[in-house]
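Written out below as structure tokens is the structure these notes cover.
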Amino acid sequence: MSDRLVLVINSGSSSLKFQLVDPDSGAARAGGTVEQIGEPSSPVADHEAALRRAFEMLNDEGIDLQHCGLAAVGHRVVHGGNHFHRPTLLDDEVIGELDQLSPLAPLHNPPAVQGIEVARKLLPGVPHIAVFDTAFFHHLPAAAATYAIDRELAEAWQIRRYGFHGTSHEYVSGQAADFLGIPLAELNQIVLHLGNGASASAVAGGRPVETSMGLTPLEGLVMGTRSGDIDAGVFSYLWRTAKMDVGEIESMLNKRSGVLGLAGERDFRRLRELIESGDAAAKLAYDVFIHRLRKYIGAYLAVLGHTDVVTFTAGIGEHDAAVRRDALAGFGELGIVLDEGRNSARTSGARLISGDESRIAVLVVPTNEELAIARDCVSLL
Ligand code: ADP
13 MSDRLVLVIN SGSSSLKFQL VDPDSGAARA GGTVEQIGEP SSPVADHEAA LRRAFEMLND
73 EGIDLQHCGL AAVGHRVVHG GNHFHRPTLL DDEVIGELDQ LSPLAPLHNP PAVQGIEVAR
133 KLLPGVPHIA VFDTAFFHHL PAAAATYAID RELAEAWQIR RYGFHGTSHE YVSGQAADFL
193 GIPLAELNQI VLHLGNGASA SAVAGGRPVE TSMGLTPLEG LVMGTRSGDI DAGVFSYLWR
253 TAKMDVGEIE SMLNKRSGVL GLAGERDFRR LRELIESGDA AAKLAYDVFI HRLRKYIGAY
313 LAVLGHTDVV TFTAGIGEHD AAVRRDALAG FGELGIVLDE GRNSARTSGA RLISGDESRI
373 AVLVVPTNEE LAIARDCVSL L
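In terms of this note's numbering, the sequence shown opens at residue 13 and continues consecutively.
Below is the structure:
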């Protein structure tokens, strides 16, 4: 076993994901998810109980964190605000600053801070490092990062487009360059991260020039439970006429919208079954999802001007061949031709799915956010 392993922790409000990663080989030594934190009748009362449970699960695998060569604990933090855009060593001061960012990410940052605090308490002997989901997009061009609202208001309240899933977009764009054997600096890429959360990015020479998520992860593509792009007027209209309060509207848009809101089901495998059984709502949900995705691909082809590669990643992007086909159908004149045999082949790992005649390469590249976080941690040590 390598003598420098990184424990990567992704602490959400009701679940804690963990993985022990060897950043040198890229292997995941062990990992798991503790769910139902703090729910009524759950044996996992809080984040401390969840982390203790994670340690037990590692013990069951024969891993004792005190004696396995643990070099660091890497914490995924969703929002870094304007200030944090590099892997950052966590001390009391930094944690205090993260706490102050909570209004920007009320659903995500508070449970991450809780996870950090209990992990520092239970594993005091190793450095704890925060890796931010917004970091990769910190240097988005101003034209892409800026909302066209009152400038002083935006400055006073740190309102800009931050972008999320940055760890995945950075990792996958690097992997795509490696796969093609072309330097990252010479490639213009579109990355489509399609999981429960979904986002697109345009990456020119390794630097992000556009991304679909904004101030919060709500903007952009249609997602499992989030609406994606929506007229802000819907918010005030519901507030004024349906008498919903801010929390209710926010919860509706983030947790009960998207594919779930339209079809009553957020999982794409179930959605496919519903469509095949003739469910019209499921079909419409799928069509809205695909339409938005195609709109973004077209927009990013225009933003980049010249595109070399389009890459699909995350649960849906890696596994759902029909989504990939429908997303790119009829794009021949734009330079993209899928090879249906390659697209539907049941292979895992990075692979080419475009035809030899396609001017733009299309890839499937598995994302690995835990490994990317672990490597970020090691780069700081
Ligand atoms: P998260 O954003 O929670 O990390 P994932 O990246 O795991 O999500 O993606 C979850 C989505 O991927 C779900 O909608 C799921 O249905 C879909 N998915 C996973 N495996 C498959 C598959 N074999 N075929 C189609 N969709 C899949």
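By construction, the Cβ of each residue, glycine as well, lies at the ideal position given by its N, Cα and C atoms.
{"Check": "Beta carbon nearer than 6 angstroms to a non-hydrogen atom of the ligand ADP", "Outcome": "Gly207, Asn208, Gly209, Gly236, Asp279, Phe280, Arg281, Ala326, Gly327, Ile328, His331, Asp332"}
{"Check": "Local conformation of methionine 13 per DSSP, three classes", "Outcome": "The predicted position of methionine 13 is uncertain, since its pLDDT is 49 and thus under 50; no value can be drawn from it."}
{"Check": "With 16 other Cβ atoms within 10 Å as the buried cut-off, status of proline 35", "Outcome": "buried"}
{"Check": "Bridge-paired residues (DSSP) for glutamate 222", "Outcome": "Ala214"}
{"Check": "Span of the beta strand (DSSP E), counted from its first residue to its last, around isoleucine 141", "Outcome": "140-144"}
{"Check": "Ordered list of alpha helix (DSSP H) runs contained in the stretch 253-298, each at least 4 residues", "Outcome": "258-267, 270-275, 280-288"}
{"Check": "Every unbroken alpha helix (DSSP H) inside the stretch 52-119 [4 residues or more]", "Outcome": "59-72, 104-112"}
{"Check": "Three-way DSSP call (helix, strand, coil) for serine 405 in this model", "Outcome": "Past the boundaries of the shown model lies residue 405; the chain is included only from 13 to 393, so the question cannot be answered."}
{"Check": "Segment contact flag, the stretch 203-222 with the stretch 144-151, C-beta cutoff 8 angstroms, min 3 pairs", "Outcome": "yes"}
{"Check": "Proximity below 8 angstroms, CB of proline 195 to CB of alanine 189", "Outcome": "yes"}
{"Check": "Backbone CA spacing between histidine 79 and glutamine 31 [nearest angstrom]", "Outcome": "16 angstroms"}
{"Check": "Under the three-state DSSP convention, the category valine 377 falls into", "Outcome": "coil"}
{"Check": "C-beta atoms of leucine 227 and arginine 163 nearer than 8 angstroms", "Outcome": "no"}
{"Check": "Three or more C-beta pairs below 8 angstroms linking the stretch 264-273 and the stretch 311-330", "Outcome": "no"}
{"Check": "CB-CB length for arginine 278 against glycine 236, believed under 8 angstroms", "Outcome": "4 angstroms"}
{"Check": "Stretch pair the stretch 191-208 + the stretch 217-231: three plus CB contacts closer than 8 angstroms", "Outcome": "yes"}
{"Check": "For leucine 19 and methionine 13, the rounded distance between their alpha carbons", "Outcome": "At methionine 13 the pLDDT is 49, less than 50, meaning the model places this residue with poor confidence; the figure from the coordinates comes in the next sentence. Straight-line Cα distance between these residues: approximately 14 angstroms."}
{"Check": "Bounding residues of the beta strand (DSSP E) (the contiguous stretch that carries glycine 44)", "Outcome": "40-46"}
{"Check": "Rounded separation between arginine 268 and arginine 238 - CA only", "Outcome": "7 angstroms"}
{"Check": "Sequence-distant residues of its chain with Cβ nearer than 7 angstroms to valine 125 (five each side left out)", "Outcome": "Ile107, Leu110, Asp111"}
{"Check": "Segment contact, 8 angstroms Cβ cut-off, at least three pairs: the stretch 353-369 with the stretch 64-81", "Outcome": "no"}
{"Check": "Closest by C-alpha distance to glutamate 73, when choosing among Pro99, Arg88, Gly43, Leu82", "Outcome": "Gly43"}
{"Check": "Alpha-carbon to alpha-carbon, alanine 84 and histidine 209", "Outcome": "Histidine is not the amino acid found at residue 209; the sequence shown has glycine there. The straight-line gap from Cα to Cα measures roughly 27 angstroms."}
{"Check": "C-alpha gap between valine 246 and leucine 350, whole angstroms", "Outcome": "37 angstroms"}
{"Check": "Histidine 205 - DSSP class collapsed to helix/strand/coil", "Outcome": "strand"}
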